[in-house]
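Taking it in order: structure first as structure tokens, then the write-up.
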Amino acid sequence: MSKIATLEIDGKKYEFPLIEGTENEVAIDIKTLRGVTGGVTTIDPGYKNTGSCESAITFLNGEEGILRYRGYSIEELAEKADFLEVAYLLIFGELPTKEQLEKFHVDIKAQSHVDEDVKKILDGFPKSAHPMGVLSSLTSALVAFNPSSVNVDSEEEMYNAIVRIMAKFPVLTAWAYRKRAGLPLDYGDDSLGYVENFVKMMFKKPSSDYQSNQVVVDALDKLLILHGDHEQNCSTSTVRIVGSSHAGIFVSISAGINALWGPLHGGANQAVIEMLEAIKEDGSDTKKFMSKAKDKDDPFRLMGFGHRVYKNFDPRAKIIKVAADEVLDSLGIDDPVLDIAKGLEKEALEDPYFVDRKLYPNVDFYSGIIYRAMGIPVEMFTPMFALGRLPGWIAQWKEMRLRKEPIGRPRQVYVGETLREFKDISKR
Ligand code: SDX
């Protein structure tokens, strides 16, 4: 492979270095473009062809449906690791030893208290508030109670901020649910595992002892692993660009939560279930909805289908589809929307519109069916995505800051009015 790319503009040639990653991805390094060409830049709405950084955290191959965290395949991690182990891997770059993992968990548990005054902020929200809005607000508010987590210039300050957000985010997520459900805000139990403790904080009823359901804990642990990181997706790019101004990690993650909320991104898991329910209510006529999805004049899209990077199966969707059958079977639940989902998938995979556009089920297509089977309400589906993505956001933010990346500030091509003189209001 040549090491340079040549660009010709008005008969003049410019050379730019080609960089190649460890998985043979090639990019044109255009850092000098504007300077050497006297102002020429590039434009790429949605950054479909533009890399924002070099990263060593997650590798995706959309054509082959490959997803790896720090070199380990998602299939192996989902099968053999637990979520806190994968969080450590994403954030610190290596699978932890038993001692490292235990210390990480001990340090997290030591920080799991959330200042009681945060509850006063939560009280200000109506019960009807969407948990994603509550979660992004409370995550931002954490800065007021943890000011040392803003300027994390030393390795120790960075570590302390990381264990703080890993500790407090599950509490805030459970509180957002319990506020909406009218339940007292509960703390966990330090004797439990990270995910088991979260499930207890979510579902413990005030008047009865909590009985852990291992099927639910194991299924959620696997789902959180599958959502752990996904390179430069919309919400992660948001976390990185906010952090690039040297804003703190909590507010950068709060910005990521808001980006994830959108139905084209993490909000799709809620939109999928709402779509499947609508199809069921409408008589389960999947062909009618497939036609709507293909109709350019109809804003309806097949939620949970398609992906910016995966032009083959989303490997996470494959794993979640199998898990959906296992979890519903273990819990003795027969959910008709699972059959509707499978029917839609089968039809789409045989339909030229979807096949030609390489539209396959993505991570959000089946995940909501499992969340619902666990008793998680639909408005809490995207907060579950955020809980899983937290270590990825942390890892990407940490990498951006340690690599001292410049502040993110894209250019544009101006297409507005050229210079014109002010006109007094009497003459307009
Ligand atoms: C996530 O980036 C990540 O990694 C994200 C994520 C992560 O882990 O962080 O994987 C999580 O966000 C998964 C995606 C969840 N969103 C949805 O399920 C919403 C439905 N999907 C689409 O809105 C869409 O597929 C996107 C947003 C996911 C991707 O959009 P792109 O890459 O901008 O593709 P596009 O909109 O340009 O679509 C290309 C064509 C268009 O048709 P044409 O103009 O070529 O005729 O495919 C069509 C689109 O209309 N199309 C769909 C469709 N998705 C794309 N048509 C019907 N239904 C769909 N779902």
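Following our numbering, the numbering of the sequence shown begins with -3 at its first residue and continues without gaps. Even glycine gets a Cβ: it sits at the ideal position worked out from N, Cα and C. Predicted model, so just to flag it, every value in this text is computed and none were measured.
For residue 301, the CB falls within less than 7 Å of some heavy atom of ligand 1. DSSP assignment within the region 32 to 87 yields the following whole beta strand (DSSP E) runs of 3 residues or more, N-terminal first: 54 to 57, 62 to 65. Relative to the non-hydrogen atoms of ligand 1, the Cβ of residue 252 never comes closer than 7 Å to any of them. Judged by beta-carbon spacing, residue 310 lies beyond the 8 Å limit of residue 247, meaning their Cβ atoms are not closer than that value. The closest CA to that of residue 148, considering only 398, 402, 415, is found on 398.
Around the beta carbon of residue 204, fewer than 16 other beta carbons lie within 10 angstroms, which makes this residue exposed. Listed in chain order, the non-local C-beta contacts of residue 9 below 6 Å within the same chain comprise 2, local neighbours out to five positions each way being set aside.
DSSP places residue 2 in the strand class (E or B) of the three-state scheme.
With fewer than 16 other Cβ atoms from the protein chains shown falling within 10 Å of its own Cβ, residue 32 counts as exposed.
Residue 283: member of the alpha helix (DSSP H) spanning 282 to 290, first to last residue. For residue 402, the number of other beta carbons within 10 angstroms of its own is below 16, and it is reported as exposed. Between the alpha carbons of residue 366 and residue -1 lies a distance of about 48 Å.
Within the region 161 to 249, the runs of alpha helix (DSSP H) that reach at least 4 residues and sit entirely inside it are, in chain order, 190 to 199, 210 to 222, 230 to 239.
In the structure shown, residue 295 adopts coil according to DSSP, grouped into three states. Non-local C-beta neighbours of residue 319 in its own chain, meaning closer than 7 Å and more than five positions away in sequence, comprise 215, 218, 366, ordered along the chain.
Straight-line measurement puts the Cα of residue 69 at about 24 Å from the Cα of residue 264.
Taken through DSSP and simplified to helix, strand or coil, residue 155 comes out as helix.
At a threshold of 7 Å, residue 230 counts as near ligand 1, since its beta carbon sits closer than that to one of the ligand's heavy atoms.
If you check the C-beta of residue 262 against ligand 1, you find a heavy atom less than 7 Å away.
In this structure, residue 337 sits away from residue 355, with a CB-CB distance that is not shorter than 8 Å. In the DSSP assignment, residue 27 falls outside any beta strand (DSSP E), carrying neither H nor E. A straight line joining the alpha-carbon of residue 316 with that of residue 416 spans about 58 Å. DSSP, reduced to helix, strand and coil, places residue 123 outside both helices and strands of the structure shown, so it counts as coil. Counting of Cβ neighbours within 10 angstroms places residue 164 among the buried residues, the total reaching 16 or more. The C-beta distance from residue 197 to residue 170 rounds to 4 Å, short enough to fall under 8 Å. Listed as beta-bridge partners of residue 15 by DSSP are 23. The three-state secondary structure of residue 418, taken from DSSP, is coil.
At a threshold of 7 Å, residue 358 counts as near ligand 1, since its beta carbon sits closer than that to one of the ligand's heavy atoms. Pairwise C-beta distances place the region 376 to 385 in contact with the region 263 to 283, as three or more of them are shorter than 8 Å. Secondary structure remark: continuous alpha helix (DSSP H) runs of at least 4 residues inside the region 369 to 397: none found. Three or more beta-carbon pairs separated by less than 8 Å link the region 47 to 67 to the region 388 to 397, which places the two stretches in contact.
Nearest C-alpha to residue 307 among 45, 57, 20, 181: 57. Linking residue 353 to residue 65 through their CA atoms gives a straight-line distance of about 27 Å. Under the DSSP definition of a beta bridge, residue 301 partners with 357. Not one heavy atom of ligand 1 lies closer than 7 Å to the C-beta of residue 220. Partner residues in the beta bridge of residue 9, as assigned by DSSP, are 4.
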